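Asks:
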Amino acid sequence: MSGIEIVGVVLGAIPLIIAALENYESASDRVADFIKWRGQLSALIQSLWMHQTSYHMSLRYILEPILNPEEIEAMILNSGHGMWENKDVALALQGRLGFAYQVYMKTVSDIDDTLKTLVCRLNIDGSTMVPKNGLSAIIVANPVLHSSPKQFMFKKALKFTMERKQIKKLLTKLKECNESLDNFIWKADNVSKIHSAKLRSQFLAPLALIERNATKIFNGLMRTWCSDHDLHCAALLLEQRLTGRRSNTSHSALDADQDTTGSRFHVSFFPSSTSSRWVDAEIHVLEDPKMSLHTVESRRTVRFQNPPSQPTQRIDTDINSLPVIQNICSDIRESELDWMGFFFDNKGKMRGIYKATPRDALYIEKIIRLPQLLDGNYQMSLREICNLSITLSSSLLQLSHSPWLRWSWHKSDIMFIFQKKGSTLEADVNLPYLFFEYSAKRSVQEERKKSSEMADCYKILQLGILLTEIASGKSIENLRQPDDFGPNGAANQLTDLQAARRWMKERLSSGNLTLNSYSAIMQCFQLSIDTSLNLQEGKVQDIIKKEIIGPLYEEASFFWSG
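In case it helps, full-length UniProt numbering puts the sequence shown at residues 1 to 562.
Right, dumping it as structure tokens:
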């Protein structure tokens, strides 16, 4: 058998073998079966189910870039489809896997041999011809009755004569083959990501510009809070600001109106202790045109369709005619607008308020923080996990040295204020906000002294912990084990790192964590080892784009594609 036909044959044989073993198990004597197999038969069937699922998913994954959905579906449903013998498909697959193609095919051949060993102990029609004609013999002799799910009719009572020790060896072999297939695909993808991830996960605006504007907003708010009450709260919407996203991947209320200039931000305020809810606003930062154009020209990968000095929101009032904000608390309280907007002019003065375009979102009754989601009963979908992971990773690059992210980067800093569509109780996790609280009675200098500034190596470590918590659906505290603590029984800097790495390895070995997620999180931990790490350094930013955001983006694209 040549080409990739063997891949299709294995795909067609697995469900047939599962059906035959289930038929045999259902017809056998339960007591005698337990004594004879001691659970090994059930374990074999379960392992085959898992192997079929993994094999099926990995096959779709490697075929997706080279074939259209209709062709993939036809091949998946029919192991005898002519496309399996098509030389052009084989060449395209070889290009897709690169250096891993030969090893991938060898592993599929090993799976084929393992299944042949099993079939020779199972007296289904065509099994006697397997040594000569391969697994195709049983596929031809046992046609599918119904395709979804696949059902078969067996003409005689089935017998299965494999010994327990043989089954155990077979299970081990299948597991090894499955892990090898995933590893080969992962390695092949990593090679292609070096060349293509940069193009797919570029930021829509220069990172330095985004960070500079976010800092202007933070400092401007510090100057305009009132002195009537002590604590003031603000929360910055975290946005991906990535280019190259597919048109069918919109998943939040902001996607259709994504900022392409790095000059528009969404900030929510809790202006006073008497406020009943948060108030959301959009804020535009107007740059000096000469400075903005120079920044754009220095980054050829970024192009503004409109000059950055012009707001994306059209208003009837001239910007310079808007009053300068002196006391934002009273201005917000006196405003009757549900959706308001502000500007920072090119002299750094905050002006407003104007009527902003209403957003397709409703406030949740009570804000929810990320720890509440992790420790509660809410289970994030794969789409939400991917999206939130990308948002947090890209936000670290955008805000790493801004005051928003200078002193704290923890799950308790992430909050959600809008309802998930279709639910008045659940929060929309696609709209995460970074919370910040400070006192109006303290000077900026005093505020900065209350806690030491976080080192960049710690920020990237915290990102890895955050991604682990999101992937696991649990706070890191709930993943700790006694061995993770220090000699005195107290948590130290290595406690959470050890807990996260152990959880990832366990989940990866059991097939419950994707290789892309594992790769991205491990890259965070590897970068955190360097105590001199600088997140503003170009080389470091490129590593994060390629090795953290890139794999997460690839994974998200896979799930978004359906």
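We put the CB at the ideal spot given by N, CA and C, even for glycine. Please read all numbers here as calculations on a predicted model, not as lab measurements.
Pick out the complete alpha helix (DSSP H) segments inside the stretch 361 to 388, 4 residues or longer, and give them in chain order.
Replies: With a minimum length of 4 residues, the continuous alpha helix (DSSP H) runs that stay inside the stretch 361 to 388 are 370 to 375.
Asks: Between residue 375 and residue 472, how many whole angstroms is the CB-CB distance? I'm expecting something under 8 Å.
Replies: On the sequence shown, residue 375 is found 375 positions in, with the first residue counted as 1. On the sequence shown, residue 472 is found 472 positions in, with the first residue counted as 1. Contact flag wrong, Cβ pair sits at about 12 Å.
Asks: With a threshold of 16 other CB atoms inside 10 Å of the CB of residue 223, please say whether the residue is buried or exposed.
Replies: In the sequence shown, the residue the question calls residue 223 occupies position 223. Residue 223 should be labelled exposed.
Asks: Within the stretch 207 to 232, note down every full alpha helix (DSSP H) run reaching 4 residues or more, in order along the chain.
Replies: Those alpha helix (DSSP H) runs which fall completely within the stretch 207 to 232 and span 4+ residues are 207 to 224.
Asks: Can you tell me where the alpha helix (DSSP H) holding residue 125 begins and where it ends?
Replies: The residue given as residue 125 occupies position 125 in the sequence shown. Segment: none, residue 125 is in no alpha helix (DSSP H) and carries neither H nor E.
Asks: Looking at the unbroken beta strand (DSSP E) that takes in residue 485, where does it start and where does it end?
Replies: Position 485 of the sequence shown, counting from 1, holds the residue named residue 485. Here residue 485 belongs to no beta strand (DSSP E), and DSSP marks it neither H nor E.
Asks: Relative to the alpha-carbon of residue 78, which residue among 371, 136, 124 has its alpha-carbon at the smallest distance?
Replies: Along the sequence shown, read from residue 1 onward, the residue named residue 78 stands at position 78. When only C-alpha atoms are compared, the closest one is 136.
Asks: Just to confirm the assignment: which complete alpha helix (DSSP H) runs, minimum length 4, are found wholly within the stretch 75 to 111?
Replies: Taking only runs of at least 4 residues, the alpha helix (DSSP H) segments lying wholly in the stretch 75 to 111 are 87 to 97.
Asks: Which residues in the same chain as residue 129 place their Cβ atom closer than 7 Å to its Cβ, once the five residues preceding and following it in sequence are excluded?
Replies: The sequence position of residue 129 within the sequence shown is 129, counting from 1. Cβ within range, chain order: 137.
Asks: Would you call the CB atoms of residue 436 and residue 218 closer than 9 Å?
Replies: For the purposes of this step, residue 436 is taken as the residue at position 436 of the sequence shown. For the purposes of this step, residue 218 is taken as the residue at position 218 of the sequence shown. Result yes, Cβ atoms of residue 436 and residue 218 sit closer than 9 Å.
Asks: Just the Cα atoms here: how many angstroms apart are residue 414 and residue 52?
Replies: Start at 1 with the first residue of the sequence shown, and residue 414 comes out as number 414. Start at 1 with the first residue of the sequence shown, and residue 52 comes out as number 52. Whole-angstrom Cα-Cα distance: 38 Å.
Asks: According to DSSP, is residue 51 part of a helix, a strand, or is it coil?
Replies: In the sequence shown, counting from the first residue as 1, residue 51 sits at position 51. In this structure, residue 51 counts as helix in the three-state DSSP scheme.
Asks: Is residue 111 near residue 177, with beta carbons less than 9 Å apart?
Replies: As a first step, residue 111 must be located in the sequence shown, where it is residue number 111. As a first step, residue 177 must be located in the sequence shown, where it is residue number 177. Going by C-beta atoms, residue 111 is nearer than 9 Å to residue 177.
Asks: Take every Cβ of the stretch 519 to 526, pair it with every Cβ of the stretch 463 to 470, and state whether three or more of those distances are shorter than 8 Å.
Replies: At 8 Å Cβ cutoff, the stretches touch.
Asks: Considering only C-alpha positions, which residue in the set 539, 236, 556 is nearest to residue 403?
Replies: Within the sequence shown, numbered from 1, the residue matching residue 403 stands at position 403. Checked all of 539, 236, 556; the closest Cα to residue 403 is 236.
Asks: In the DSSP assignment, find the unbroken alpha helix (DSSP H) run with residue 520 in it and report its ends.
Replies: Against the sequence shown, residue 520 aligns to sequence position 520. That run of the alpha helix (DSSP H) goes 515 to 528.
Asks: Quick check on the burial criterion: 16 or more other C-beta atoms within 10 angstroms. Buried or exposed for residue 432?
Replies: As a position in the sequence shown, residue 432 is number 432, starting the count at 1. Buried, since its Cβ has 16 or more Cβ neighbours within 10 Å.
Asks: If I measure Cβ to Cβ from residue 126 and keep anything under 6 Å in the same chain, skipping five residues before and after, which residues do I get?
Replies: Counting from one through the sequence shown, the residue named residue 126 turns up at place 126. 137, 138, 141, listed in sequence order.
Asks: Go ahead and label residue 389 buried or exposed: buried means 16 or more other beta carbons lie within 10 angstroms of its beta carbon, across all protein chains shown.
Replies: Looking up residue 389 in the sequence shown gives position 389. Buried, since its Cβ has 16 or more Cβ neighbours within 10 Å.
Asks: Do residue 500 and residue 481 count as a contact pair if the criterion is CB distance below 9 Å?
Replies: Counting from one through the sequence shown, the residue named residue 481 turns up at place 481. Counting from one through the sequence shown, the residue named residue 500 turns up at place 500. No; because the gap between Cβ atoms is not below 9 Å, this pair is not in contact.
Asks: For the putative contact between residue 350 and residue 220, defined by C-beta atoms under 8 Å, what is the C-beta separation to the nearest angstrom?
Replies: The sequence position of residue 350 within the sequence shown is 350, counting from 1. The sequence position of residue 220 within the sequence shown is 220, counting from 1. Confirmed, Cβ separation roughly 5 Å.
Asks: Please confirm if the stretch 155 to 169 is in contact with the stretch 40 to 52, defined as three or more CB-CB distances below 8 Å between the two stretches.
Replies: Result yes; three or more Cβ-Cβ pairs closer than 8 Å.
Asks: Counting only beta-carbon separations shorter than 9 Å, does residue 528 have a partner in chain C?
Replies: Reference to chain C is not applicable here, since this structure consists of a single protein chain.
Asks: Return the chain-ordered list of same chain residues with a C-beta closer than 7 Å to the C-beta of residue 538, the five sequence neighbours on each side being excluded.
Replies: For the purposes of this step, residue 538 is identified with residue 538 of the sequence shown, where counting begins at 1. Here the set comprises nothing.
Asks: Whose C-alpha, out of 494, 550, 549, is nearest the C-alpha of residue 528?
Replies: Translated into positions along the sequence shown, residue 528 becomes position 528. Per the Cα distances, 494.
Asks: Between which residues of its own chain and residue 88 is the CB-CB distance below 6 Å, once the five residues before and five after are set aside?
Replies: Sequence index remark: in the sequence shown, residue 88 carries index 88 (1-based). Result list for residue 88: empty, nothing under 6 Å.
Asks: Report all residues from its chain with a CB closer than 8 Å to the CB of residue 455; omit the five preceding and five following residues, and keep chain order.
Replies: The residue given as residue 455 occupies position 455 in the sequence shown. Within the same chain, residue 455 has close Cβ partners 531, 533.
Asks: By DSSP's criteria, residue 282 is part of a beta bridge. Which residues make up the other side?
Replies: Within the sequence shown, residue 282 is the residue found at index 282, counting from 1. Partner(s): 266, 341.
Asks: Any idea if residue 552 is buried or exposed, counting beta-carbon neighbours within 10 angstroms, 16 or more meaning buried?
Replies: Here residue 552 corresponds to residue number 552 of the sequence shown, with the count starting at 1. Buried is the call here.
Asks: Taking all protein chains shown into account, decide if residue 261 is buried (16 or more other Cβ within 10 angstroms of its Cβ) or exposed.
Replies: Within the sequence shown, residue 261 is the residue found at index 261, counting from 1. Per the 10 Å Cβ criterion, buried.
Asks: Please look up how many angstroms separate the CB atoms of residue 565 and residue 339, rounded, as I've assumed it's under 8 Å.
Replies: Since the displayed the chain opens at 1 and closes at 562, residue 565 lies outside it and no answer follows.
Asks: Identify every residue that forms a DSSP beta bridge with residue 454.
Replies: The residue given as residue 454 occupies position 454 in the sequence shown. In DSSP, residue 454 forms no bridge with anything.
Asks: Given a cut-off of 9 Å on the beta-carbon distance, is the pair residue 429 and residue 420 in contact?
Replies: What you label residue 429 is simply residue 429 of the sequence shown in a count that begins at 1. What you label residue 420 is simply residue 420 of the sequence shown in a count that begins at 1. The answer is yes: Cβ separation under 9 Å.
Asks: Rounding to the nearest angstrom, what Cα-Cα distance links residue 279 and residue 269 in this structure?
Replies: As a working note, residue 279 is residue 279 in the sequence shown. As a working note, residue 269 is residue 269 in the sequence shown. One C-alpha to the other measures close to 5 Å.
Asks: Starting from the C-beta of residue 460, find all residues in its chain whose C-beta is less than 6 Å away, skip the five residues before and the five after it, and write them out in chain order.
Replies: Numbered from its first residue, the sequence shown carries residue 460 at position 460. The answer, listed in chain order, is 524, 527, 528.
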